[in-house]
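Trainee: This is the structure I have questions about; it appears just below.
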Amino acid sequence: MKYKRFNLSEFMKLRDEDHISGNFTSVRGEYYISYLNKTGFYKVNGCMDNAKNDEDLRELFASHILDEIGFPHADIVPIFDDTHNCNGCLSLNILKNGETFAIPQSIPHEKSFSHVGEFISHDLKEVSSLPGITEKDLKERKNFLARYLYVSAILQNTDIRSDNRCMIYNPQNHTYRIPEYYDAGISFSSDPDFSAFISDMSSADLLKELYEDYAVEIFPLAQKVEHSLTPEKINKLLEPYIFSGFSPDTKKQIICELNDRISLSKQYNHNILTYGRVEPYTISMEDIEKRTKGISVSMKDSVKNYILSLREKFFGKGERD
Numbered sequence: 149m150k151y152k153r154f155n156l157s158e159f160m161k162l163r164d165e166d167h168i169s170g171n172f173t174s175v176r177g178e179y180y181i182s183y184l185n186k187t188g189f190y191k192v193n194g195c196m197d198n199a200k201n202d203e204d205l206r207e208l209f210a211s212h213i214l215d216e217i218g219f220p221h222a223d224i225v226p227i228f229d230d231t232h233n234c235n236g237c238l239s240l241n242i243l244k245n246g247e248t249f250a251i252p253q254s255i256p257h258e259k260s261f262s263h264v265g266e267f268i269s270h271d272l273k274e275v276s277s278l279p280g281i282t283e284k285d286l287k288e289r290k291n292f293l294a295r296y297l298y299v300s301a302i303l304q305n306t307d308i309r310s311d312n313r314c315m316i317y318n319p320q321n322h323t324y325r326i327p328e329y330y331d332a333g334i335s336f337s338s339d340p341d342f343s344a345f346i347s348d349m350s351s352a353d354l355l356k357e358l359y360e361d362y363a364v365e366i367f368p369l370a371q372k373v374e375h376s377l378t379p380e381k382i383n384k385l386l387e388p389y390i391f392s393g394f395s396p397d398t399k400k401q402i403i404c405e406l407n408d409r410i411s412l413s414k415q416y417n418h419n420i421l422t423y424g425r426v427e428p429y430t431i432s433m434e435d436i437e438k439r440t441k442g443i444s445v446s447m448k449d450s451v452k453n454y455i456l457s458l459r460e461k462f463f464g465k466g467e468r469d
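The numbering of the sequence shown is the numbering used here, which starts it at 149 and goes up by one.
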């Protein structure tokens, strides 16, 4: 059923877009999905500049990627709008019975931050203004934000506005919870730019900074990405007929660039495990000459020969060059 495209007329409309709170450009109403006993927000294609009138497929593919790595997300139901003769999707409502999105007393100000740490600190400051928020909530929020940004970098989803990551409040027991991932219609852009929120940030820049400053938070998830999202798995996820809606060039671009980002993450995982840091230590020839000035030639030769003997021991003589 997850690859079937339903007619929108099969579902009952509950609310028009004018009666749905939030800041959005593509939502055209809330519908009741009888076979799931859930509601979903109808999102039309063609509203996002970074997509190619295929936002529904980007949302659907992103949801399958998130399934593979076990990251909670809003489910997606592909839709054909028979009234307007166009495609779109229903993004299932992530709120449970009685829950609401928690809007901070001070409405978050969307701006570009100088680095990831500033972005996260600002978010935590805003969330801390919520009535009854606890230290445990804030600790979970910090962990979520790092993982949320990591996933967004892997998906190349630059739509990381504050209203796409609101805390969820349960008024019955006065508790908060972390939201599922939603709103991924501009994922897999060929020219992603996170600078609207974090200055001068590409996907690669974002990944590097997250590994440097938030490795503890993202590393378990990054290992799932490495082991679950192999090139073979990515190709298999795009096999269903519904993804033939992507143009050949778009599909090729998505596969190549997604594999590149996963390879970069895999390399950082390796470096973290091997060197304890994102990038191995490197020493320039100039630095070597400066640091060894005054040491006798015989001592340098002894050290060099010892290092070469260790290299031969581990790799064999054939690997010396």
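C-beta: ideal position from N, C-alpha, C; glycine also.
Jot down the residue ranges of each uninterrupted alpha helix (DSSP H) in the segment 177-225, minimum 4 residues, whole runs only, in chain order.
Mentor: List check, alpha helix (DSSP H) in window: 203-217.
Trainee: With contact counted as at least three CB pairs below 8 Å, one residue from each stretch, are the segment 354-368 and the segment 290-303 in contact?
Mentor: Flag = yes, the segment 354-368 and the segment 290-303 touch.
Trainee: From what residue to what residue does the beta strand (DSSP E) around Phe345 run?
Mentor: In the sequence shown, counting from the first residue as 1, residue 345 sits at position 197. That residue, Phe345, is in no beta strand (DSSP E); it is neither H nor E in DSSP.
Trainee: Taking only the alpha-carbon atoms, compute the straight-line gap between Pro226 and Asn193 and give it to the nearest angstrom.
Mentor: Within the sequence shown, residue 226 is the residue found at index 78, counting from 1. Within the sequence shown, residue 193 is the residue found at index 45, counting from 1. Computed Cα separation, rounded: 11 Å.
Trainee: With H, G and I counted as helix, E and B as strand and the rest as coil, what does DSSP make of Arg163?
Mentor: Taking the sequence shown and counting its residues from 1, the one referred to as residue 163 is at position 15. Three-state result, Arg163: strand.
Trainee: If we call anything under 8 Å between Cβ atoms a contact, is Tyr317 one with Tyr324?
Mentor: Looking up residue 317 in the sequence shown gives position 169. Looking up residue 324 in the sequence shown gives position 176. Taking 8 Å as the Cβ cut-off, Tyr317 and Tyr324 qualify as a contacting pair.
Trainee: What does the alpha-carbon distance come out to for the pair Asn235 and Phe342?
Mentor: What you label residue 235 is simply residue 87 of the sequence shown in a count that begins at 1. What you label residue 342 is simply residue 194 of the sequence shown in a count that begins at 1. Their backbone Cα atoms lie some 27 Å apart in a straight line.
Trainee: Output the distance between the C-alpha atoms of Leu377 and Ser450, rounded to the nearest integer angstrom.
Mentor: Here residue 377 refers to the residue found at position 229 of the sequence shown. Here residue 450 refers to the residue found at position 302 of the sequence shown. Using only the alpha carbons, I get a separation of about 46 Å.
Trainee: When the Cα of Arg289 is compared with those of Ala370, Ser269, Glu357, His263, which residue comes out closest?
Mentor: What you label residue 289 is simply residue 141 of the sequence shown in a count that begins at 1. It is Ser269.
Trainee: Which runs of the beta strand (DSSP E) spanning at least 3 residues fall entirely within the segment 235-299, listed in chain order?
Mentor: You should have 248-250.
Trainee: Where does Asn407 fall in DSSP's three states?
Mentor: By one-based count along the sequence shown, residue 407 stands at place 259. Note: Asn407 maps to helix in three-state DSSP.
Trainee: What are the start and end residues of the beta strand (DSSP E) that includes Ile316?
Mentor: Position 168 of the sequence shown, counting from 1, holds the residue named residue 316. First-last of the beta strand (DSSP E) with Ile316: 315-318.
Trainee: Does DSSP classify Asp229 as helix, strand or coil?
Mentor: Start at 1 with the first residue of the sequence shown, and residue 229 comes out as number 81. Three-state DSSP puts Asp229 in a strand.
Trainee: Helix, strand or coil for Asn305, going by three-state DSSP, please let me know.
Mentor: What you label residue 305 is simply residue 157 of the sequence shown in a count that begins at 1. Three-state DSSP puts Asn305 in coil, outside helix and strand.
Trainee: Report the partner residues of Phe336 according to the DSSP bridge assignment.
Mentor: What you label residue 336 is simply residue 188 of the sequence shown in a count that begins at 1. Paired residue(s): none; Phe336 is not in a bridge.
Trainee: For Thr378, name the three-state secondary structure that DSSP assigns.
Mentor: Taking the first residue of the sequence shown as 1, we reach residue 378 at position 230. Three-state DSSP puts Thr378 in coil, outside helix and strand.
Trainee: Val445 by DSSP, collapsed to three states: which one?
Mentor: In the sequence shown, counting from the first residue as 1, residue 445 sits at position 297. The answer is helix: DSSP assigns Val445 an H, G or I state.
Trainee: Are the segment 198-217 and the segment 265-283 touching, with three or more C-beta to C-beta distances below 8 Å?
Mentor: With a cut-off of 8 Å, the segment 265-283 and the segment 198-217 do not count as touching, because too few Cβ pairs lie within range.
Trainee: Taking C-beta to C-beta, are Leu278 and Met315 nearer than 8 Å?
Mentor: Counting from one through the sequence shown, the residue named residue 278 turns up at place 130. Counting from one through the sequence shown, the residue named residue 315 turns up at place 167. For Leu278 and Met315, yes; Cβs fall inside 8 Å.
Trainee: Under 8 Å, do Ser413 and Val445 count as touching if we go by C-beta distance?
Mentor: The sequence position of residue 413 within the sequence shown is 265, counting from 1. The sequence position of residue 445 within the sequence shown is 297, counting from 1. Their beta carbons are not under 8 Å apart, which means Ser413 does not touch Val445 by this criterion.
Trainee: Restricting to Cα atoms, I'd like to know which of Ser351, Met447, Ile346 is closest to Ser338.
Mentor: Numbered from its first residue, the sequence shown carries residue 338 at position 190. Checked all of Ser351, Met447, Ile346; the closest Cα to Ser338 is Ser351.
Trainee: Consult DSSP for Tyr416 and reduce its assignment to one of helix, strand or coil.
Mentor: Taking the sequence shown and counting its residues from 1, one reaches residue 416 at position 268. In the structure shown, Tyr416 sits in a helix (DSSP, three-state: H, G or I).
Trainee: What's the gap between the Cα of Ile326 and the Cα of Leu354?
Mentor: Against the sequence shown, residue 326 aligns to sequence position 178. Against the sequence shown, residue 354 aligns to sequence position 206. Distance between the alpha carbons of Ile326 and Leu354: 22 Å.
Trainee: So what does DSSP say about Asn155, is it helix, strand or coil?
Mentor: Mapped onto the sequence shown, residue 155 falls at position 7. It is a strand residue.
Trainee: For Tyr330, which of helix, strand or coil comes out of DSSP?
Mentor: As a first step, residue 330 must be located in the sequence shown, where it is residue number 182. Residue state, collapsed to three classes: coil.
Trainee: Could you tell me which residues DSSP pairs with Arg325 in its beta bridges?
Mentor: The residue you call residue 325 lines up with position 177 of the sequence shown. DSSP lists Ile316 as partners of Arg325.
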